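K.L.:
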């Protein structure tokens with residue numbers, strides 16, 4: 173397709189959901205429900221399991237860094253990144269010796285797809301006359317997490333079989349995801365001039381803090397809460413994904429009514445509460461509440477932060493999203509590396525999840541100056 177063609181809202185949303193399933197579901201978060209089985213099969217302690225998660229996030233970070241400099245169309249990023257996600261996922265299915273490499277490759281490709289979706293999706297909706305629905309593309313992340321979690325639940329405890337099915341799923345969805353397209357960034361251009369530097373830096377801090385919290389909490393969610401009941405923990409993770417999709421629509425309305433920066437603060441506080449529950453209890457009911465709070469806030473804060481990033485850097489959509497994805501990737505690499513050893517050292521999730529909650533909350537509060545400005549208008 174060319175960027176001159178106007179696709180309907182339904183087609184753009186379907187392509188975005190397919191892209192997010194590849195990038196975030198298969199490329200990244202399917203690791204969460206599979207991690208306990210992988211630990212058992214590979215004899216991994218929490219620190220080693222954290223390395224697997226961080227390898228995935230490091231690949232994601234590297235992919236985002238490369239995406240900031242690539243002068244290619246969004247569609248090329250989707251196709252190239254999607255193929256890498258498939259290859260990395262199939263390598264993970266092959267043998268435990270390939271887990272680190274496979275997850276790193278999948279993360280690298282997933283960043284390409286996510287950056288392309290985050291820049292092309294809103295641009296295509298604006299051309300279709302639906303600018304008020306640009307945040308809707310992020311409902312795909314919730315669908316991705318719930319769908320891949322359900323895949324893991326149905327396929328059973330054999331992690332290698334789930335990885336194989338996930339790789340096939342990504343391959344099947346790739347043609348639909350490739351409907352997303354936008355022009356390549358121009359060579360030699362910078363994000364100077366029209367960029368609102370202060371607000372942009374503050375929202376990037378908030379986004380990075382949430383990424384640390386979700387990197388730590390998301391990687392070890394099922395492992396921590398499965399102490400009570402592994403099935404309940406997996407179902408709670410799926411519930412988080414189910415809630416994420418409609419939560420984006422709700423947060424978009426809240427942002428319209430109360431201001432996007434205020435909504436960022438609200439989502440950060442709720443996300444911190446979800447992480448903080450593990451400090452108090454890991455029983456089935458708290459696990460479910462934690463899943464609901466994380467699901468209700470994570471994609472809300474992601475969509476809102478990325479929406480602010482695009483607004484603060486007009487005319488630099490793909491590059492701005494790529495920079496934000498780099499920041500997010502850093503937090504996601506550091507989160508599991510810090511949380512894993514803390515879990516091993518203390519034997520409880522209190523320190524790891526408490527730290528994740530604190531950093532998430534502190535990051536969200538950095539946006540307060542912008543929230544106050546919105547309230548004064």
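Residue numbers (this note's numbering): 173 to 549.
Virtual Cβ for every residue (Gly too), placed ideally from N, Cα, C.
This structure is a prediction, so every number in the text was calculated from the model and none was measured.
Under a three-way DSSP split, which group does residue 174 fall into?
P.N.:
Residue placement at residue 174 is flagged as unreliable, the pLDDT there being 43, under the threshold of 50; the coordinate-derived value follows with that caveat. It is coil, neither helix nor strand.
K.L.:
Could you pull the start and end residues of the alpha helix (DSSP H) that residue 179 belongs to?
P.N.:
Segment: none, residue 179 is in no alpha helix (DSSP H) and carries neither H nor E.
K.L.:
Note the first and the last residue of the continuous alpha helix (DSSP H) segment covering residue 201.
P.N.:
Taken as a continuous stretch (DSSP letters only), residue 201 belongs to no alpha helix (DSSP H), as it is neither H nor E.
K.L.:
Excluding the five sequence neighbours on either side, which residues of its own chain have a C-beta within less than 7 angstroms of the C-beta of residue 331, listed in chain order?
P.N.:
Excluding residues within five positions, the ones whose Cβ falls inside 7 angstroms are 206, 209, 210 and 213.
K.L.:
Starting from residue 480, trace the alpha helix (DSSP H) both ways and give me its first and last residue.
P.N.:
456-484
K.L.:
Let me confirm a value: residue 473 is counted as buried when at least 16 other C-beta atoms fall within 10 Å, else exposed. Which label applies?
P.N.:
Its Cβ being crowded by 16 or more others within 10 Å, residue 473 is buried.
K.L.:
Leaving out five residues on either side along the sequence, give the residues of the same chain with a beta carbon under 7 angstroms from the beta carbon of residue 350.
P.N.:
247, 250 and 251
K.L.:
Touching or not, the region 404-414 and the region 497-506, by the rule of three or more beta carbon pairs under 8 angstroms?
P.N.:
no
K.L.:
Which same chain residues, not among the five before or five after residue 423, have their C-beta less than 7 angstroms away from its C-beta?
P.N.:
435, 439, 472, 475 and 476
K.L.:
Shortest alpha-carbon distance to residue 470 belongs to which of 371, 256, 444 and 321?
P.N.:
444
K.L.:
Taking the straight line between their C-alpha atoms, what separation do you get for residue 484 and residue 342?
P.N.:
Distance between the alpha carbons of residue 484 and residue 342 is about 33 angstroms.
K.L.:
Do residue 426 and residue 338 have their beta-carbon atoms positioned less than 8 angstroms apart in this structure?
P.N.:
no
K.L.:
Throw me the rounded Cβ distance for the residue 296 and residue 352 pair, which I believe falls under 8 angstroms.
P.N.:
7 angstroms
K.L.:
Taking its Cβ as the centre, do 16 or more other Cβ atoms sit within 10 Å of residue 320, making it buried, or is it exposed?
P.N.:
buried
K.L.:
Looking at residue 224: is its Cβ nearer than 8 angstroms to the Cβ of residue 179?
P.N.:
no
K.L.:
Give the secondary structure of residue 251 by DSSP, where H, G and I count as helix, E and B as strand, and everything else as coil.
P.N.:
If DSSP states are grouped into helix, strand and coil, residue 251 belongs with the helices.
K.L.:
So which of 418, 309, 381 and 368 has the shortest CA-CA distance to residue 195?
P.N.:
309
K.L.:
Between the Cα of residue 303 and those of 428, 229 and 466, spot the shortest distance and give me the residue it belongs to.
P.N.:
428
K.L.:
What do you reckon, are the CB atoms on residue 394 and residue 520 nearer than 8 angstroms?
P.N.:
no
K.L.:
Tell me which same chain residues have a C-beta within less than 6 angstroms of the C-beta of residue 268, skipping the five on either side of it?
P.N.:
A distance below 6 angstroms between beta-carbons, with the five flanking residues on each side excluded, links residue 268 to the following residues of its chain, in chain order: 214.
K.L.:
The alpha helix (DSSP H) with residue 490 in it runs from where to where?
P.N.:
489-518
K.L.:
Span of the alpha helix (DSSP H) holding residue 332?
P.N.:
331-349
K.L.:
Under 8 angstroms between the Cβ atoms of residue 193 and residue 340?
P.N.:
no
K.L.:
Do the region 222-237 and the region 490-502 touch if we need at least three Cβ pairs shorter than 8 angstroms?
P.N.:
yes
K.L.:
Can you give me the Cβ contacts of residue 259 inside the same chain, cut-off strictly under 7 angstroms, excluding the 5 residues immediately before and after it?
P.N.:
277
K.L.:
What separation, rounded to the nearest whole angstrom, lies between the Cα atoms of residue 197 and residue 543?
P.N.:
32 angstroms
K.L.:
In chain order, what residues of the same chain have a beta carbon less than 7 angstroms from the beta carbon of residue 290, not counting five sequence neighbours either side?
P.N.:
478 and 493
K.L.:
Do residue 275 and residue 355 have their C-beta atoms within less than 8 angstroms of each other?
P.N.:
no
K.L.:
At what residues does the alpha helix (DSSP H) containing residue 287 begin and finish?
P.N.:
271-299
K.L.:
Three-state secondary structure (DSSP) at residue 542?
P.N.:
It is helical.
K.L.:
Quick check on DSSP: helix, strand or coil for residue 395?
P.N.:
Shown here, residue 395 sits in a helix according to DSSP, grouped into three states.
K.L.:
May I have the straight-line CA-CA distance separating residue 545 from residue 190, to the nearest angstrom?
P.N.:
37 angstroms
K.L.:
Give the straight-line distance between the Cα atoms of residue 420 and residue 464, rounded to the nearest whole angstrom.
P.N.:
14 angstroms
K.L.:
Alpha carbon to alpha carbon, what distance is there between residue 388 and residue 516?
P.N.:
Approximately 13 angstroms between the Cα atoms of the pair.
K.L.:
Can you tell me the Cβ-Cβ gap for residue 326 and residue 416, rounded? I've got them flagged as a contact below 8 angstroms.
P.N.:
In fact, because the Cβ distance is near 20 angstroms, the residues do not count as touching under 8 angstroms.
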